[in-house]
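Asks: Quick one: structure below, then a few questions.
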Amino acid sequence: MRMSRTFVPVLRETPAGAEIVSHQLMLRAGLIRQTSAGIYAWLPLGQRVLQKIADIVRREQDRAGAAEMLMPTIQPADLWQRSGRYEAYGPEMLRIADRGGRDMIYGPTNEEMVTELFMSEAKSYRDLPKMLYHIQWKFRDEVRPRFGIMRGREFLMKDAYSFDVDEAGMRASYQAQFRAYLKTFAALGLKAVPVRAPSGPIGGDLSHEFHVLADTGESAIFYDAAIEDIAIDAPDAVERLSATYAMEEEEHAKVADCPVPEDRLLKRRGIEVGHIFAFGIKYTESMGFTVQTADGGQVHPLMGSYGIGVSRLIGAIIEASHDDDGIIWPAAVAPYQVGLINLRQGDEACDRTCDDLYERLSADGIETLYDDREERGGAKFATMDVIGLPWQVIVGPRGVKSGVVEVKNRATGERYELSPEDAVAKVAG
RNA sequence: CGGGGAGUGGCGCAGCCCGGUAGCGCAUCUGCUUUGGGAGCAGAGGGCCGCAGGUUCGAAUCCUGUCUCCCCGACCA
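Quick note: the first sequence, position 245, residue 245 per the numbering used here, numbers continuous.
Set out below in structure tokens:
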């Protein structure tokens with residue numbers, strides 16, 4: 001993509017009102033603009049990152065056996081009246097009326113709707129187990145939106161729902177999602193700690209929050225240092241992680257005597273990017289969902305729900321990966337892999353070299369953001385550093401004269417002087 | 001919802017106490033000179049000072065109301 005065609009409004013100064021670095025950088029790099037408290041427009045660069053993250057989430061959900069669907073943002077109120085949550089949810093739920101005066105809501109989550117959709121078709125234990133998910137915008141009228149998209153009112157969430165005939169099945173679904181979460185966060189280049197969450201109606205250990213460690217995180221967590229040594233791709237990773245101590249501050253405070261020795265107990269701040277629960281028959285019972293069993297009886301399927309804050313993850317990634325100059329995108333989620341800088345736009349040789357490089361990179365499937373604007377070199381460097389793409393390819397008259405371009409790695413700062421061919425090979429990895 | 005703060009060209013801010021018809025830096029436009037890490041000179045454009053009332057000869061400035069945004073606290077992906 002040429003910079004002259006896309007819309008990347010980079011800010012030189014830190015905008016007033018942006019407190020944490022991820023919020024500042026998202027505004028500065030032209031990813032988002034605020035439209036009202038806790039609600040943001042996603043500009044081209046931000047939208048690309050959102051899609052990259054969603055793709056990774058989607059890949060791991062599919063691998064875990066979940067099927068993607070898409071439920072609406074607007075839901076009828078009576079669905080929620082049936083589950084009893086229309087009253088219970090409180091003012092956080094945005095309630096609206098259509099022209100006919102029918103009560104509707106903007107969905108904060110989808111347990112009722114997915115249950116309704118599935119129960120009208122599933123009548124037998126043979127229809128189970130089933131795991132469904134979608135990636136959809138949610139609205140929660142937070143008492144206090146803050147930190148940019150980190151706690152927005154409107155946010156993009158992946159929410160998955162599992163249905164099983166018995167508790168063993170529900171536990172298996174829960175474990176499958178747990179594993180998918182570990183893989184998802186690892187693929188995003190994040191270290192996420194699974195934290196035991198206050199258990200729901202089922203009790204036991206069937207609710208975990210996943211926290212990305214960051215000093216600006218909203219919650220404080222206590223955990224056994226041993227947790228950091230558990231390889232997430234080990235076959236027993238889920239079992240070992242769930243068996244290792246990790247609690248949010250509030251819960252930790254309730255623990256009479258913590259089993260973790262003083263020197264191994266770490267206190268860190270975390271950003272909650274995922275939360276999984278198994279809550280059994282809470283909704284299938286209230287909404288009257290039963291399936292017939294092999295022996296002719298009727299049972300309420302047991303459910304679990306599994307959320308990942310897709311938009312929040314962007315904030316978490318930036319909190320974990322930036323420097324004084326700007327964002328440092330992990331390659332997996334970078335909006336483009338390469339930033340191509342033409343130091344002398346309008347110079348025939350430079351333009352030709354850049355156009356040629358842009359063609360080759362594009363032909364090789366390497367996503368490239370080509371800064372073809374008539375700006376001074378210095379400004380282009382700073383712009384590209386804020387945007388933080390993994391690679392920068394810098395084309396200037398001096399290099400072009402001797403047949404080389406500069407290749408720079410944003411994360412390590414390593415620089416290479418290479419022929420255009422070698423530059424393409426270098427950034428292709 | 002309780003407590004604090006802020007709304008002044010696109011962005012960042014000053015002016016407000018002590019009313020007199022709006023200013024600075026960056027950005028933008030034009031011209032010239034520049035050109036390898038946020039260029040220099042000269043010139044130009046752009047603001048019903050959040051909104052509504054009030055006081056006054058006169059309001060960005062004083063008074064009242066209202067809206068919006070930010071921060072701290074109780075809640076959440």
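From the three backbone atoms N, C-alpha and C, an ideal C-beta is built for every residue, glycine too.
What's the gap between the Cα of ASP78 and the Cα of GLY90?
Replies: Taking the straight line joining both Cα atoms gives about 15 Å.
Asks: Give the straight-line distance between the Cα atoms of TRP42 and ALA220, rounded to the nearest whole angstrom.
Replies: Distance between the alpha carbons of TRP42 and ALA220 is about 29 Å.
Asks: Compute the Euclidean distance between the alpha carbons of ILE341 and THR412, then round it to the nearest angstrom.
Replies: If I take the Cα positions, the gap works out to 18 Å.
Asks: Could you tell me the boundaries of the beta strand (DSSP E) in which GLY377 lies?
Replies: From DSSP, GLY377 is part of no beta strand (DSSP E) but of the alpha helix (DSSP H) over 377-387.
Asks: With 16 other CB atoms within 10 Å as the buried threshold, where does ALA37 fall?
Replies: Exposed.
Asks: Since TRP80 is in the alpha helix (DSSP H), which residue starts that stretch and which ends it?
Replies: 77-83 is the span of the alpha helix (DSSP H), which, as asked, contains TRP80.
Asks: Among GLY396, ARG153 and GLU285, which residue has its Cα nearest to the Cα of GLY377?
Replies: Among GLY396, ARG153 and GLU285, the Cα nearest to that of GLY377 is on GLY396.
Asks: Thinking C-beta only, is TYR245 closer than 9 Å to ARG2?
Replies: Contact flag unset, no.
Asks: Could you please give the first and the last residue of the uninterrupted beta strand (DSSP E) stretch that includes TYR416?
Replies: 415-418 is the span of the beta strand (DSSP E), which, as asked, contains TYR416.
Asks: So if DSSP puts ASN110 in a beta bridge, which residue, or which two residues, is it bridged to?
Replies: Paired residues: none, contrary to the question.
Asks: In the DSSP assignment, find the unbroken beta strand (DSSP E) run with GLY315 in it and report its ends.
Replies: Here GLY315 belongs to no beta strand (DSSP E); instead the alpha helix (DSSP H) covers 310-320.
Asks: Between which two residues does the alpha helix (DSSP H) carrying ALA192 extend?
Replies: From DSSP, ALA192 is part of no alpha helix (DSSP H) but of the beta strand (DSSP E) over 192-196.
Asks: Could you check the C-alpha separation between PHE277 and ALA256 for me, to the nearest Å?
Replies: Looking at the two C-alpha atoms, the distance is approximately 24 Å.
Asks: PRO327 and GLY148: beta carbons closer than 9 Å?
Replies: It is worth fixing the name first, because residue 327 is Ile in this sequence and not Pro. No, these two residues do not count as a Cβ contact at 9 Å.
Asks: What distance in whole Å lies between the Cβ atoms of MET303 and SER162, which are believed to be in contact at a cut-off of 8 Å?
Replies: Rounded, the Cβ-Cβ distance is 6 Å, consistent with contact.
Asks: Is GLU111 near GLU142, with beta carbons less than 9 Å apart?
Replies: No.
Asks: Can you tell me whether ARG126 is buried or exposed, with buried defined as 16 or more other CB within 10 angstroms of its CB?
Replies: Classification for ARG126: exposed.
Asks: Among the candidates PHE7, TYR416 and MET71, whose CA atom is the shortest distance from the CA of LEU117?
Replies: With distances taken between Cα atoms, LEU117 lies closest to MET71.
Asks: To the nearest angstrom, how far is it from the Cα of PRO235 to the Cα of VAL310?
Replies: Cα to Cα, PRO235 sits roughly 26 Å from VAL310.
Asks: Considering Cα atoms alone, identify which of ARG179, GLY107, ALA320 and ALA29 is closest to LEU94.
Replies: Measuring from the Cα of LEU94, the nearest candidate turns out to be GLY107.
Asks: Within a Cβ cutoff of 8 Å, which residues of the same chain sit near LEU188, ignoring the five residues on either side of it in sequence?
Replies: Closer than 8 Å at the Cβ level, and outside the excluded window around LEU188, lie ILE53, ILE56, LEU313, ILE317, PRO330, ALA332 and VAL333.
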